[in-house]
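What follows is a set of notes on a single structure, which appears directly below.
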Amino acid sequence: MFQGASSLSLDVKGRLSVPTRHRDVLSNAASSQLTITKHPHGCLMIFPRNEWERFRDRIAALPMQAQWWKRIFLGNAMDVDMDSSGRVLVSPELRAAAGISKDAILLGMGAYFELWDAQVYAVQEAEAMKGNMPDVFKDFSF
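All letters in the sequence shown, in the order written, are residues 2 to 143 by our numbering.
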């Protein structure tokens, strides 16, 4: 289970340094193999390879009406390996798609991570906090 937010900076080559607290889990559970793809909200999803394979199979099984979403998720997926320093190369195409140039936020979302441009995330989070909570939270106790 991945959780928590980390403020990160990509280096000039577009490499992301995975926070230390996640490295051992990724190394053990996924042999340091990850898959990165687009998310419909404008960020990137980073999956340990085993979780990606489950997600990929669910997406691939969708009917033809979802063909464009299959293209978005599967057609943009890039397999990457975490190097010995815990870095992952985020391709220029994926960085451009999410508007990530340097400063980023990595969010643990359970089985995967979201990678956001820091400024975009701050704006969207502030907007979400101003609005009403979705109905699914009506009976939720904090």
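Cβ atoms here follow ideal geometry from the backbone N, Cα and C, with glycine treated the same way. Remember, it's a predicted structure, so these values are computed and weren't measured experimentally.
Asked, Found
"Using 8 angstroms for Cβ pairs, my map puts LEU45 next to THR38. What's the rounded Cβ distance?", "7 angstroms"
"Could you tell me whether the stretch 122-139 touches the stretch 18-37, where touching means 3 or more Cβ pairs closer than 8 angstroms?", "no"
"Measuring straight from C-alpha to C-alpha, what distance separates ASP136 and PHE143?", "15 angstroms"
"Quick check on DSSP: helix, strand or coil for SER28?", "helix"
"What does the Cβ neighbour count give for GLU54, buried or exposed, with the cut at 16 atoms within 10 Å?", "exposed"
"Any idea if PHE138 is buried or exposed, counting beta-carbon neighbours within 10 angstroms, 16 or more meaning buried?", "exposed"
"If you run the structure through DSSP and keep just helix, strand and coil, what is ALA1?", "No statement about residue 1 is possible, as the shown extent of the chain runs from 2 to 143 and does not include it."
"For ASP84 and GLY100, I'd like the C-alpha separation in whole angstroms.", "24 angstroms"
"Would TRP70 be called buried (16 or more neighbouring beta carbons within 10 Å of its own) or exposed?", "exposed"
"So, for ASP80: in the same chain, excluding its five sequence neighbours on each side, which residues have a beta-carbon less than 6 angstroms away from its beta-carbon?", "THR36"
"Using DSSP with H/G/I as helix, E/B as strand and the rest coil, what is LYS39?", "strand"
"For LYS103, tell me which candidate among ALA127, LEU17 and ARG57 has the shortest Cα-Cα distance.", "LEU17"
"Going by beta-carbon coordinates alone, are LEU107 and LEU116 separated by less than 8 angstroms?", "yes"
"Return yes when the Cβ of ILE47 is within less than 8 angstroms of the Cβ of PHE114, no when it is not.", "yes"
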